[in-house]
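Residue numbering for the sequence shown is 1 to 160, as defined by the numbering used here.
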Amino acid sequence: MKSLITLKVNGDLYEIAVKSNRTLLEALRYDCHLTGSKQGCDMGDCGACTVLIDNVPIQACITLAVECVGKEIITVEGIAKGTEAHPLQTAWNNQGASQCGYCTPGFMVVAKWLLEKNPNPSDVEIKEALSGNICRCTGYTKIITAMKEAAAIMQKEKAV
1 MKSLITLKVN GDLYEIAVKS NRTLLEALRY DCHLTGSKQG CDMGDCGACT
51 VLIDNVPIQA CITLAVECVG KEIITVEGIA KGTEAHPLQT AWNNQGASQC
101 GYCTPGFMVV AKWLLEKNPN PSDVEIKEAL SGNICRCTGY TKIITAMKEA
151 AAIMQKEKAV
């Protein structure tokens with residue numbers, strides 16, 4: 001039996017019918033048609049599906065959609081405002097921090113979370129924050145460099 005629930009995702013409300021065992025990742029991709037979050041391991045280990053729930057990084061593949069009613073969900077699609085790229089997106093592009101791109105949505109969401117709570121993180125703090133995300137293509141050096149560049153851009157924007 002399905003239940004009608006409302007999810008608030010990236011500021012928009014989605015009224016969807018879901019079974020009680022539907023994961024948030026499935027609801028985002030198949031019911032809300034937000035395909036940025038990726039299905040990797042389906043066990044909460046790889047981080048490709050990471051979203052923010054009430055500003056906490058959570059793996060959507062192991063979170064039930066019904067548990068997210070009344071909560072604020074931010075996906076990779078919600079990082080940029082309008083058509084202008086977020087500093088993270090600009091820095092990722094500048095640094096070549098993505099090869100195949102499959103892991104990028106999860107990394108971006110975690111990076112947004114970290115830089116909002118700590119605008120000038122150390123390498124150790126960045127590595128710790130990213131410890132739940134796996135990239136098999138690039139390694140992590142370019143990702144860390146991109147996060148530092150994004151932090152600098154964000155600090156300049158705040159100063160203006």
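Every residue gets a Cβ at the ideal spot worked out from N, C-alpha and C, and that includes glycine.
To the nearest angstrom, how far is the alpha carbon of residue i from that of residue j?
i	j	result
M1	V69	18 Å
M43	I62	6 Å
G40	E157	34 Å
G47	A97	16 Å
Y30	I143	29 Å
P119	A150	9 Å
I134	T104	10 Å
A80	K19	31 Å
A153	A85	Sequence inspection shows Ile at residue 153; the Ala mentioned does not correspond to that position. When rounded, the distance between both Cα atoms is 12 Å.
E72	A65	12 Å
N93	A146	8 Å
Hey, residue i and residue j are a contact pair by Cβ (cut 8 Å); roughly how many whole angstroms apart?
i	j	result
M108	L130	Their Cβ separation, rounded to whole angstroms, is 11 Å, which puts M108 and L130 out of contact at 8 Å.
T90	S37	Contact doesn't hold; Cβ gap of about 21 Å is too wide.
A60	L34	With 8 Å as the limit, A60 and L34 do not qualify as a contact, their Cβ atoms being about 10 Å apart.
C100	C49	Incorrect: roughly 16 Å between the Cβ atoms, too far for contact.
In the DSSP output, which residue or residues are listed as bridge partners for residue i?
i	result
K2	K19
(request) Jot down the residue ranges of each uninterrupted beta strand (DSSP E) in the segment 4-85, minimum 3 residues, whole runs only, in chain order. (result) 12-19, 50-53, 56-59 and 72-74
(message) Threshold first: 4 residues or longer. Then list the alpha helix (DSSP H) segments lying entirely within the segment 96-148, N to C.
(response) 104-117 and 123-129
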